[in-house]
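One line per chain: the protein sequences are A and B, in this order. Using numbering that gives the first Met the number 0, the letters of the first sequence correspond one by one to residues 0 to 494. Using numbering that gives the first Met the number 0, the letters of the second sequence correspond one by one to residues 0 to 116. Every residue, glycine too, gets a C-beta built ideally from N, C-alpha and C. Note that this is a predicted model, so its numbers are computed, not measured. What follows is one structure encoded as structure tokens, with my remarks underneath.
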Amino acid sequence: MITESCKILLLTDNTELVELVNTVAAQSEYIIINANCLNKATKLFDINNIKMALIDANINDFQGLIKNIVKTKTLLNTILFYNEADFSFLRKKYKDVVDDFLEHPVRPNDLVVSFDRFEKYCLPNRSTIQLLDNKDINNITQDFYTIQHDYHQLFDSVPSYIAVLNKNKQITEINRNFKKDFGDQTGRSFFEVLKPGSLPVGEDPISKVMLDGASHQGEIVLTSEDGKQYNMMTWAVPILTSSGNIKQILTVLADKTETRNLKDNLSSLGLMLGTLSHNLKGSLTGLDAGLYLIDTGFYRDKAARIEEGLDVSKLMVDRIRKMIFNVLYYAKKRELFFVETNIRQFAGDVAAHVENRILGGNISFKCNFPQKDIFFNLDPDLLRSALINILENAREVCISDLTDKRYEITFKVFTDNDDLVFEVYDNGCGMDEEQQKQLFSIFSSSKGLKGTGLGLYITNEVIRKHNGTITVTSDPGVGTCFCIKLPNTLHRKRQ
Amino acid sequence: MKKKVLIIDDDPLIVSYLETLLDDNGYKTATANNGVEAEKTAKEFLPDLITLDLDMPDEWGPKVYRRLTKIKEFKDIPVIVISGLTGREHSINKAVGFFDKPFNPDEVLNVVKNTIG
Numbered sequence: 000m001i002t003e004s005c006k007i008l009l010l011t012d013n014t015e016l017v018e019l020v021n022t023v024a025a026q027s028e029y030i031i032i033n034a035n036c037l038n039k040a041t042k043l044f045d046i047n048n049i050k051m052a053l054i055d056a057n058i059n060d061f062q063g064l065i066k067n068i069v070k071t072k073t074l075l076n077t078i079l080f081y082n083e084a085d086f087s088f089l090r091k092k093y094k095d096v097v098d099d100f101l102e103h104p105v106r107p108n109d110l111v112v113s114f115d116r117f118e119k120y121c122l123p124n125r126s127t128i129q130l131l132d133n134k135d136i137n138n139i140t141q142d143f144y145t146i147q148h149d150y151h152q153l154f155d156s157v158p159s160y161i162a163v164l165n166k167n168k169q170i171t172e173i174n175r176n177f178k179k180d181f182g183d184q185t186g187r188s189f190f191e192v193l194k195p196g197s198l199p200v201g202e203d204p205i206s207k208v209m210l211d212g213a214s215h216q217g218e219i220v221l222t223s224e225d226g227k228q229y230n231m232m233t234w235a236v237p238i239l240t241s242s243g244n245i246k247q248i249l250t251v252l253a254d255k256t257e258t259r260n261l262k263d264n265l266s267s268l269g270l271m272l273g274t275l276s277h278n279l280k281g282s283l284t285g286l287d288a289g290l291y292l293i294d295t296g297f298y299r300d301k302a303a304r305i306e307e308g309l310d311v312s313k314l315m316v317d318r319i320r321k322m323i324f325n326v327l328y329y330a331k332k333r334e335l336f337f338v339e340t341n342i343r344q345f346a347g348d349v350a351a352h353v354e355n356r357i358l359g360g361n362i363s364f365k366c367n368f369p370q371k372d373i374f375f376n377l378d379p380d381l382l383r384s385a386l387i388n389i390l391e392n393a394r395e396v397c398i399s400d401l402t403d404k405r406y407e408i409t410f411k412v413f414t415d416n417d418d419l420v421f422e423v424y425d426n427g428c429g430m431d432e433e434q435q436k437q438l439f440s441i442f443s444s445s446k447g448l449k450g451t452g453l454g455l456y457i458t459n460e461v462i463r464k465h466n467g468t469i470t471v472t473s474d475p476g477v478g479t480c481f482c483i484k485l486p487n488t489l490h491r492k493r494q
Numbered sequence: 000m001k002k003k004v005l006i007i008d009d010d011p012l013i014v015s016y017l018e019t020l021l022d023d024n025g026y027k028t029a030t031a032n033n034g035v036e037a038e039k040t041a042k043e044f045l046p047d048l049i050t051l052d053l054d055m056p057d058e059w060g061p062k063v064y065r066r067l068t069k070i071k072e073f074k075d076i077p078v079i080v081i082s083g084l085t086g087r088e089h090s091i092n093k094a095v096g097f098f099d100k101p102f103n104p105d106e107v108l109n110v111v112k113n114t115i116g
């Protein structure tokens, strides 16, 4: 039904456009009032109750009609037809006044969509501006504050970290969790606060959002300013303006560090069990060998064979014991318990523990300890285990070496600028560069040393916990030297 | 004439064990700790049967076997796999026996006897 509220003013001299608009309008029974120049359009605008204006930017002084609309403060739906070359300028100038921009040549479907939007303004109730009284304003204000409060509550109560970034990736807003763990960082660049580590530039979800305006997610490792690393599952979502440009980026981060650590620990455990199982089998076979030698030695009355069998069996039992102890240590790591220790006595203790076994392997054992008593704060039980591990490794290397030479192990303890130094040297088969690199990796077990692969890893951990260092120098065919240095700071603390 | 067995394993203790076991039961033995040594020793020793470990640090056991069987004299040489690895029974299709470590020495001897006498 044709009513007063359905009048549309068309300002154009483009006959094709006139025909198109009239055809589309006819489907919805709108009345099109045509004007081919500004003067005519102004007159028609004044006398008719126009609800929609279609303005062709190719008409001279078309701006006059827009000014008129703005001046009269008419609630009017306005569409501007433009040429492509003029779009940026026209959009910038009239975006707050014009509701829709359609490019020449106008497509019928685009016009239909615009008219559909217009239809909402065509309803009788929307054709007038309703003035609000104070009560209404108060109610609306109250509603606004309630919504704002609910939004902030939700924002702050989310268990993840939330940061809102501007287009320069600077933090504009953060939730309570983010502030609690990373501080109030508003105004700072996001990647200054949380460094992305080795991720290639532009590969993180936030940068990808800036690139294509779409939402992105991914796991990234971020390092906080205090050096702590976080495995974060990150969702980045663009917040757009009404014209579709990125205004801000909403970033939600979920901390997966603990899950990742658990996963790594489970993998390590699986690997350890596999290695342990494989090496235990080898040691049990060795034990079988020893028992076979003993058994057949008795049967064939060969004393030498019995003796060999006993030696082999003892060696295998030792290996198995060591494997189990290392596993137990790995399973039940404990904190260090520092005690003021007489180093001369301590070193003597360690040497006594391994001396018989070393000498029994036909290996010469030399010790070189401080002449006088010196004291150091350390955990004697753990450090003793670490040193015994290295000495027994040296022994095994010498026993397993197939070259025919006189083997020797030297154990030296001394101070160097008040640091405490332990050195274990053997002239066994030595190690190549590759073996040296892997030496302290968990589950690394060099050729000829059958174990859990945990021994040197645990030794390294003990030294590290003492804030010390352990270094290895080795020459294949010549020998190996392990050097442990414990820093002076421990000693100073006692004083 | 004694039958000859080449023992290939990187663990000197296992090698010594098998050597003693087979020597005690009337076999002549030679040993090798890795693939290169195995090829060299095999050409000199000309074994009738091989015992082979799979998990050797220098070279994977089946690779050693493939290398040996490319030599005309050892094209059809019987092999017994002795390894701590799981899945060993899929490692070498033509193997006459697969034994887990620790192995039962009587069972190993049985297979050796049934294969080469």
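Check, Outcome
"By the DSSP assignment, the alpha helix (DSSP H) with Gln344/A in it spans what residues?", "342 to 359"
"Along the chain, where does the alpha helix (DSSP H) containing Pro237/A start, and where does it finish?", "That residue, Pro237/A, is in no alpha helix (DSSP H); its beta strand (DSSP E) goes 228 to 239."
"Kindly indicate the opening and closing residues of the alpha helix (DSSP H) around Tyr456/A.", "454 to 464"
"Out of Ile136/A, Gln434/A, Thr258/A, which has the shortest C-alpha to C-alpha gap to Asp474/A?", "Gln434/A"
"Check distances from the C-beta atoms of the segment 282 to 294 of chain A to those of chain B and list, in chain order, the residues that come in under 7 Å.", "Leu283, Thr284, Gly285, Asp287, Ala288, Tyr291, Leu292"
"Output needed for Ala24/A: all residues of its chain with C-beta closer than 8 Å, excluding positions within five of it in sequence on either side, in chain order.", "Ile7, Ile30, Ile31, Phe114"
"What did DSSP end up calling Lys484/A once you bin it into helix, strand or coil?", "strand"
"Report the residue from Lys280/A, Gly308/A, Ser276/A whose alpha carbon sits nearest the alpha carbon of Ala288/A.", "Gly308/A"
"What residue range does the alpha helix (DSSP H) around Gly212/A cover?", "Premise fails: Gly212/A is in no alpha helix (DSSP H) and is neither H nor E."
"Which residue from Arg405/A, Glu432/A, Cys480/A, Trp234/A puts its Cα closest to that of Val420/A?", "Cys480/A"
"Could you round the C-beta distance between Phe368/A and Arg394/A to whole angstroms and report it? I think they count as a contact, below 8 Å.", "Incorrect: roughly 19 Å between the Cβ atoms, too far for contact."
"Use the C-beta contact count for Glu72/B: other C-beta atoms within 10 angstroms, 16 or more gives buried, fewer gives exposed.", "exposed"
"Would a check of beta-carbon distances place Lys313/A closer than 7 Å to chain B?", "no"
"Would you kindly work out how many angstroms separate the C-alpha atoms of Gly429/A and Trp234/A, rounded to a whole number?", "52 Å"
"Taking the CB atoms as reference points, tell me whether Ile462/A and Ile483/A lie closer together than 7 Å.", "yes"
"In terms of alpha-carbon separation, which member of Ile469/A, Glu102/A, Thr468/A, Lys404/A lies closest to Gly476/A?", "Lys404/A"
"The ligand ATP heavy atoms versus the CB of Cys397/A: any closer than 6 Å?", "The model depicted lacks the ligand ATP and carries no ligand whatsoever."
"On the CB-based measure, 16 or more other CB atoms within 10 Å of its CB, does Leu110/A come out buried or exposed?", "buried"
"Let me know the secondary structure DSSP gives Leu221/A once reduced to three states.", "strand"
"Are the C-beta atoms of Ile6/B and some chain A residue less than 7 Å apart?", "no"
"Within the continuous beta strand (DSSP E) that includes Val17/A, where are the two ends?", "No beta strand (DSSP E) contains Val17/A, which is instead part of the alpha helix (DSSP H) from 14 to 26."
"Is Asp57/B near Asn33/B, with beta carbons less than 7 Å apart?", "yes"
"Taking the runs of the beta strand (DSSP E) that are 3 residues or longer, which of them lie wholly in the segment 142 to 174 of chain A?", "160 to 165, 170 to 173"
"Taking 7 Å as the threshold (beta carbon to beta carbon), is Asp280/A in contact with chain B?", "In the sequence under discussion, the amino acid at residue 280/A is Lys, which differs from the Asp named in the question. Closer than 7 Å to some Cβ of chain B, the Cβ of Lys280/A qualifies, so yes."
"How many Å lie between Val497/A and Leu268/A at the Cα?", "Look at the range of chain A in this structure, 0 to 494, and you will see that residue 497/A is not part of it."
"Give a yes or no on whether the minimum CB-CB distance between Asn91/B and chain A is below 7 Å.", "One detail in the question is off: residue 91/B reads as Ile in this sequence, not Asn. So no, Ile91/B is outside the interface."
"Taking only beta-carbon atoms, is His277/A less than 7 Å away from chain B?", "yes"
"Can you find the residues in the same chain that come closer than 6 Å, C-beta to C-beta, to His215/A, ignoring five residues on each side of it along the sequence?", "Pro204, Lys207, Val208, Ala235"
"Comparing alpha-carbon positions, which option in Val69/A, Thr71/A, Ala303/A, Ala34/A lies nearest Ile54/A?", "Ala34/A"
"Between the beta-carbon of Val4/B and the beta-carbon of Thr28/B, is there less than 7 Å?", "yes"
"By the DSSP assignment, the beta strand (DSSP E) with Gln247/A in it spans what residues?", "245 to 254"
"From Phe190/A, Gln247/A, Glu15/A, pick the residue whose C-alpha is nearest to that of Ile166/A; which is it?", "According to the sequence provided, residue 166/A is Lys. The question's Ile does not apply to it. Ranking Phe190/A, Gln247/A, Glu15/A by Cα distance to Lys166/A puts Gln247/A first."
"Classify Met231/A as buried or exposed, calling it buried when 16 or more other Cβ atoms lie within 10 Å of its own Cβ.", "buried"
"To test your reading of the DSSP string, which unbroken beta strand (DSSP E) runs of 3 or more residues are found completely within the segment 376 to 445 of chain A?", "407 to 415, 418 to 425"
"Which residues mark the beginning and the end of the alpha helix (DSSP H) in which Asn103/B is found?", "Per DSSP, Asn103/B belongs to no alpha helix (DSSP H) and is neither H nor E."
"Quick one: which residues of the segment 6 to 34 of chain B get their C-beta closer than 9 Å to a C-beta of chain A? List them in chain order.", "Asp9, Asp10, Pro11, Leu12, Ile13, Ser15, Tyr16, Leu17, Thr19, Leu20, Asp23, Asn32"
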